[in-house]
Structure formats: structure tokens, C-alpha cells
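Numbered according to the numbering used here, the sequence shown terminates at residue 888, and the numbering increases by one at each position without gaps. Positions of the beta carbon are idealized from the N, C-alpha and C atoms, including for glycine. In what follows, a single structure is set out as C-alpha cells and then discussed.
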Amino acid sequence: MKLVLANPRGFCAGVYMAIDVVDQLLDICPGEPIFVFHEIVHNRHVVERFRARGVRFVEEIAEVPDGSIVVFSAHGVSPAIREEARAKRLAAIDATCPLVTKVHAEAIRYARKGFQILLVGHRHHQEVIGTLGEAPDAIQIVESPRDIPSLVVTDPKKLIYLTQTTLSLDDAAVIIDALKLAFPEIKDPPAGDICYATTNRQTAVRAIAPSCDLVLVVGSANSSNSVRLTEIAANVGTPARLIDDASEIDPKWFAGVGTLLVTAGASAPEDLVRGVIQALVTRCGAEVEQHDIRHEAVEFGLPGTLKAAMRDRGIDPSGRRIVRGDDGAAMREWFEKEGIGFRTVDMTVRGETMSG
Ligand code: SF4
């Protein structure tokens, strides 16, 4: 069996940042309880690893004792949650991905200009709940074209759509086309809201999956980004399985599979991908080939609220940066150490680099 690894896959700049915020807090606040509002990123292993280090995850601000440290997750929160945290004098550290903050800012700006906003996304996703909270009177959520007849639009000339950052590009295109048909004057967002990481991971699956017999996506079931990758594979006619880690692999899946694509959602750690590769090589004698579809060069800085917390503790934040995990060299070393045959295939459009 040939095993193809998609590149890019796994952690995005926002996830590196959010995870590093909690890591750095554990470092600068030894012994202090650290609370995280909602899962810091949607990955079971990431959350369990932090829990094992004493971090407490809550779904209500009321659960956090007055005056404690609370981290807002990468998905962002509504102003009401920020206000609740202020009322309890919490030291709030904001790990919201800047690309989510961008969508919040668009919602605020267009609501102030008197626009009605159609927010394309999943109603119960934390990110959509946070964005909706910025302008609840101006925003209506659209989950599918079926929602369009029940929308209440007072002035079709003052209408804009925004989207969740982690949607399927395919599904979003269908919904946006339907919105444009129903409201020809609807405005596009100033810059696309589906983020670079979502776009790139889906583009890689769309490019590689048609020549594969099965796709394995490493990621958790509540990760929008990861689930969308399985849907993109299905859209191009290749069955896909979502697994949290190697322990969920069922050998029965590989009957008749000649080429297998492995990828990972933006919140899935690379060590879990390696675990999957190792298991596949051991069980199926797979050869590994990485297909590079796009190079990414996006990095975010430390959030201002974390820098302020450092200064409060007499720590100069200027020497600290977001710690990024693996680079290509580390991955090659790992393959070498494990004795696994590995080569890369450059399928990028010449020199293409995707920035956020
Ligand atoms: S998936 Fe996109 S929006 Fe979400 S954390 Fe990553 S970069 Fe930010």
C-alpha cells in the first residue's frame, strides 16, 4: 500500500498561538489555577494533555472563581462573555485566532453602518456564537440554502454576508450562490472569511484524494475543520474516515486499498499523525510519500493580554515568541530514525505561499 501524506495538514497559526498561550501561562504562573473557557482548540488529545497538567476547562464563566485567570479559546467569545469575565474581575487572556477576530470586526463595522448581516456557518459552533454576540440584532445565521426563505431582509441594498472561518469551501459556495440569487445586491465580505488554513487543507485533499482509494483524517469529531476534510474527500468520490488517533484504525478498512491519503485537521497535533503513520507502516508495510500542495508562512504574535500578564509578573515579553512545532527537517529526521522510507513530491504552483 502506498501512503500519501498531505501537506499542508495539521496545526495552523491560530492553533499554535492558542496552545502556546496556555503553555506560556503554565510557565509564568506556576501554582496558579488556569481556567480555559471552552476547549482551547477542538482536539480531544490537546485538551486531555492540558487537563493532565492541571488546566481546568469550563463552559460557563460562573464556574471560574472571582479574580482567577481565564483564557478565551481560539474560537473567540461574545462581548457578553467578556463582560461576565470583567464583572468577576477575571484576568482574561484572549487566545482568539486573529482571523476570527477579523470576522468579529467586520460584523461590528457593518452593523454600525446599518447593514443586515447574513452569517453563513454552523449555529451551535463556538465561533458563530461569538460572532453573533457582536451584533445580535443585525445578524441572521444561514446554515443552508433552506434557511433563505425565512430570512427577514428590510433593505436588500444594505445586506452583507460573512462566514465562519472553517466552512467547507464547496458548501459555502453553494450557500453564497443561493444568497446571491435571492439577494442580487448582497455585498461580499471585504476579504474572504474562510481562513487560509481551512482553504489550504481542503485544497490539498481536493487535489490528492481523487487518485486515492481511502482518506484518513486525523482530528476530533467536534473539529469543524477536520470534519470538513472528510466531506471534501467524499465530494471528490473518495471515502474518508475521521480518527482521533492510531488506536481507532480498523484494519478492515484497507481491503483493496492501494493508495491511502493521510491528512489532519488544523487542531490535530503532528505526533498523532506520526502515530498513525507508524501503525500503518507496521500493519500494512506502507511506503510514505508527502505531496506538497501549498507552502504556508503564517505566524501570529503573542496576544496583547498575555504580554500584559507577563509584564504584571515582571517578565519582559519581548524575548518570547509563539513556539511552533515541527518543521520539515524534524519530520525527515523522524522518518530516518524510525527507518521509514520517505520522499516528498512538490505539487505546488511554483513558489506559491499562502499568507493569512
Ligand atoms: S483554522 Fe483558521 S481561523 Fe481557525 S484557528 Fe486556524 S487559522 Fe485561525
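Same chain, Cβ closer than 7 Å to residue i, five either side skipped, listed in chain order
i, result
"H654", "V660, E675, Q696, S756"
"L631", "G546, T697, C727, G888"
"A643", "I649, A667, A670"
"M767", "First, the amino acid is wrong: residue 767 is Asn here, not Met. Counting only Cβ-Cβ distances below 7 Å, and skipping sequence neighbours, we find D702."
"K620", "I593, V596, D598"
"K689", "E717"
"I847", "I560"
Residue i (DSSP reduced to helix, strand or coil)
i, result
"L535", "strand"
"L711", "helix"
"T880", "coil"
"Q696", "coil"
"I673", "strand"
"V808", "helix"
"T791", "strand"
"I704", "The residue asked about is misnamed: residue 704 is Ala in this sequence, not Ile. Helix, per DSSP."
"D687", "coil"
"E828", "strand"
"A639", "helix"
"I781", "coil"
"E821", "strand"
"V568", "strand"
"A796", "strand"
"K634", "helix"
"V737", "helix"
"I680", "helix"
"K645", "coil"
"I593", "helix"
"T885", "Because the pLDDT of T885 is 47, which lies under 50, any placement of that residue in the model is unreliable, and the number read from its coordinates should be weighed accordingly. The answer is strand: DSSP assigns T885 an E or B state."
"V587", "coil"
"F874", "strand"
"V813", "helix"
Span of the alpha helix (DSSP H), counted from its first residue to its last, around residue i
i, result
"F867", "860-870"
"F582", "576-584"
"L557", "545-560"
"I764", "756-767"
"R618", "611-619"
Beta-carbon proximity check, residue i vs residue j, cutoff 8 Å
i, j, result
"V603", "I572", "yes"
"I825", "T791", "no"
"L557", "R585", "no"
"F589", "R583", "yes"
"E595", "P722", "no"
"V747", "A800", "no"
"S610", "G646", "no"
"E591", "H570", "yes"
"V891", "L812", "Limits of the chain in this structure are 533 at one end and 888 at the other, which puts residue 891 out of reach."
"V706", "P742", "no"
"H823", "V877", "yes"
"I551", "M842", "no"
"V635", "L694", "yes"
"P540", "R733", "yes"
"Q810", "E868", "no"
"W866", "R815", "no"
"E819", "G860", "no"
For residue j and residue i, believed in contact at Cβ under 8 Å, the rounded distance
i, j, result
"A778", "A729", "Not really, about 23 Å apart at Cβ, beyond 8 Å."
"I718", "L699", "The pair is not a contact, with the Cβ atoms about 17 Å apart (cut-off 8 Å)."
"I670", "I649", "Here residue 670 is Ala; the residue named in the question, Ile, does not match the sequence. Right, their Cβ atoms sit about 5 Å apart."
"A714", "G542", "About 37 Å; that fails the 8 Å criterion."
"T770", "C744", "6 Å"
"K534", "E821", "7 Å"
"V737", "A765", "5 Å"
"I680", "L711", "7 Å"
"V587", "I566", "5 Å"
"A617", "I740", "Not confirmed; about 43 Å, so no contact."
6 Å CB neighbourhood of residue i in its chain, flanking five on each side removed
i, result
"Y548", "I854, R856"
"S752", "H574, N575, R576, D776"
"C629", "G546, A606"
CB contact check: residue i to chain C, cutoff 8 Å
i, result
"L557", "Absent from the structure is chain C; it holds one protein chain and no more."
Bounding residues of the beta strand (DSSP E) (the contiguous stretch that carries residue i)
i, result
"D626", "623-626"
"V749", "746-750"
"R773", "772-775"
"I661", "No beta strand (DSSP E) contains I661, which is instead part of the alpha helix (DSSP H) from 658-664."
"L651", "648-652"
Own chain residues within Cβ distance below 8 Å of residue i, not counting five before or after
i, result
"I625", "V553, L557, I601, V602, V603, F604, P835, T837, L838, A841"
"T686", "Q648"
"L651", "A639, V660, T663, L664, I671, Q672, I673, V674, Y693, L694, T695, Q696"
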